[in-house]
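Protein chains in written order, with the working numbering: chain H, 15 to 307; chain G, 15 to 307.
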């Protein structure tokens, strides 16, 4: 997914990370390692694409783009911990706790969460109305919290509430993966000076379908890709006895479900015309055809 | 420290915690266990006392009071983890990870951090100006982050940057303990409709001295109290070879330093007259005379 945004995203992520200088070198190096260690930047790209559709400036979109990626990096650090998924590798490199130790990894995750809220509240008054920033922060913190992202991770780990049906699996992923994808798409809407309730509700529908597509695709990749392409140990969820869209639907039906969900995204975007181009590209990138056979 | 505020604080803390209902019972129970498990509520009390001095309503003060206590509870959960201080007891009960397991404890801490920002941004527009909420959130997130609270915890754990001198120990505690005490005192200032730069800078000086006094007192307690009074394993820091105000100064000088620091708090508050009464009581509660001989 290399395109003109790639360099820009790395630059703004780096700009909002504290410098790795003493006495706080270690924690700041761990934060930088986790954030700047590659990744497809899917969530920042979504934020810029949504900003483009709405017509807000890239200068303003930088803030939600960075905030969602910091939360994403924080959630990956904590998910990889020995007490959670116990993953030694992430994006083809040692996971944060393997590189920095468990204590620093926990704290680096904690600090990235705090930093995400700092970034969202550092938007200059010339770019967004304070009332909009407050609403965006409240919405974002709910999506990150115990009924959103963190709730999803809890359901994923909780032996008493393991999802067994498609409905339960979808609910879990609406929180675990979907919440942050919704945040990436909707934060730019919430930060605009003029409310656009219709646009916002259509984008929300699109974001929810996109979050589901993203997870179905991830499960297909996990079941089919080789470790080098994946950058992590494949088959992890299935081998832990956890339900995935592939274990519940089978590979062929999972591919069909992915295609149908992406089609739902496309039809929701259709009415927006050319302004939806960037979002349509991101939707296209998730198609089943893009998965190595 | 039982007084008319005690019941009120427990009520508002409980009100801002999500209900422990399925499928998210476990994480919400862990959050409630960590927050509602007693504690002196020193930081919420500071927020109400500061609000009283400034003249803002208790309805408004509820929000920063709850937010600082949620961050405090989050930091205690993570500090107690096996990878950190590995403490089995907190406030005379099993620590959160002993009661709920490590994974849920990590996630409950994460969720309490998100919830703290949600609470601060749930202040109704009738009580505070959105611009003030944005500034308060930015300030708060910086104090919680890698240069504040979490930075202090990092220094406390980092074998390469262990504080060896009084200056380094003070710097570490200005972050680890001081940051949240500053937040409790200053958030009410930042949320007032009219800026009071002089009051704010005097309260900031007082808060910084108070944070130091709090930590010196904690080190004295840790060196002298019995486990039952303390509610946790005493002598923990010193027995881990970590510097404390008692190991660096000796017990007598630590008591003298505590008295001098509290005197600094009192003299900074003196000019405020009767409005400072609640803060003066909290300062008095930290006096060396209050420590069991």
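No residue lacks a Cβ here, since even glycine has one placed at the ideal position from N, Cα and C.
- Listed along chain G, no residue sits closer than 7 Å to residue 91 of chain H by beta-carbon distance, the nearest being about 10 Å off.
- DSSP places residue 64 of chain H inside the alpha helix (DSSP H), whose first and last residues are 56 to 68.
- Scanning the segment 270 to 306 of chain H from its first residue to its last, the whole alpha helix (DSSP H) runs of 4-plus residues come out as 291 to 299.
- When Cβ-Cβ separations below 9 Å define contact, residue 203 of chain H makes no contact with chain G.
- The residue from G/191, G/232 and G/302 with its alpha-carbon nearest to that of residue 87 of chain G is G/191.
- Counting C-beta pairs with one atom in each stretch, the segment 167 to 187 of chain G and the segment 22 to 34 of chain H have fewer than three that are closer than 8 Å, which means they do not touch.
- Inclusion of residue 130 of chain G and residue 204 of chain G in the CB contact set at 9 Å is not warranted, their separation being larger than that value.
- Those residues of the segment 147 to 169 of chain G placed with their C-beta closer than 7 Å to a C-beta in chain H are 147, 148, 151, 152, 155, 156, 158, 159, 160, 161, 164, 165, 167, 168 and 169, ordered along the chain.
- With the criterion set as a beta carbon lying under 7 Å from some beta carbon of chain G, the segment 74 to 89 of chain H has no members that meet it.
- Only those residues of the segment 43 to 57 of chain H whose C-beta falls short of 8 Å from the nearest C-beta of chain G are listed: 45.
- Note on the segment 107 to 164 of chain G: whole alpha helix (DSSP H) runs with a minimum of 4 residues are 110 to 114, 116 to 134 and 144 to 158, in chain order.
- Residue environment for residue 89 of chain H: buried (at least 16 other C-beta atoms within 10 angstroms of its C-beta).
- The beta carbon of residue 227 of chain G sits closer than 8 Å to the beta carbons of 272, 275, 276, 279, 297 and 300 from its chain, once the five residues preceding and following it are set aside; these are given in chain order.
- Contact check for residue 157 of chain H and residue 197 of chain H: beta-carbon distance about 5 Å, within the 8 Å limit, so the pair qualifies.
- Around residue 65 of chain H, the same chain offers 75 and 202 as residues with beta carbons nearer than 6 Å, after the five sequence neighbours per side are excluded.
- Proximity of residue 115 of chain H to chain G, defined by a Cβ-Cβ separation below 9 Å, is satisfied.
- Residue 104 of chain H carries a strand assignment under DSSP once its states are collapsed to helix, strand and coil.
- Rounded to the nearest whole angstrom, the CA to CA distance from residue 127 of chain H to residue 110 of chain H is 15 Å.
- About 26 Å separates the Cβ atoms of residue 120 of chain G and residue 77 of chain G, ruling out a contact at the 8 Å cut-off.
- In this structure, DSSP gives residue 209 of chain H a state outside helix and strand, which the three-state scheme calls coil.
- Listed by position along chain G, the residues whose Cβ is nearer than 9 Å to that of residue 229 of chain H form an empty set, because the closest Cβ is around 17 Å away.
- Note on geometry: alpha-carbon atoms of residue 28 of chain H and residue 149 of chain G lie some 23 Å from one another.
- Per DSSP, residue 99 of chain G lies in no alpha helix (DSSP H) and is assigned neither H nor E.
- From the beta-carbon of residue 100 of chain G, no residue of chain H is found nearer than 7 Å; the closest lies around 10 Å away.
- For residue 173 of chain G, the secondary structure class from DSSP, reduced to helix, strand or coil, is helix.
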